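In the working numbering, the protein residues as written are 17 to 81.
Right under this line is the structure:
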């Protein structure tokens, strides 16, 4: 088991290959803020309540500036 975890985390490419399309869909549904796909592309989950709150906070800060 230890060898398995070490092999996964020995390189980012190995970790990304473990993430399946179904796991990405589940992460979006679970409300994860940022999703990194198998190609290494990062996406913001706009369905996440925390992401929307962060966005509104930044917009309000810009309005005050």
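Heads up, the beta-carbon is just placed ideally off N, CA and C, and yes, glycines get one too. Since we're looking at a predicted model, the values are computed, not measured.
Query: DSSP state of residue 81 mapped onto helix, strand, coil; Result: coil
Query: 8 Å Cβ cutoff, residue 49 in contact with chain D; Result: This model lacks chain D altogether; it includes just one protein chain.
Query: Rounded Cβ spacing between residue 49 and residue 66 (contact assumed at less than 8 Å); Result: 6 Å
Query: Cα-Cα separation between residue 44 and residue 76, rounded to whole angstroms; Result: 26 Å
Query: Beta-carbon gap between residue 40 and residue 53 smaller than 8 Å; Result: yes
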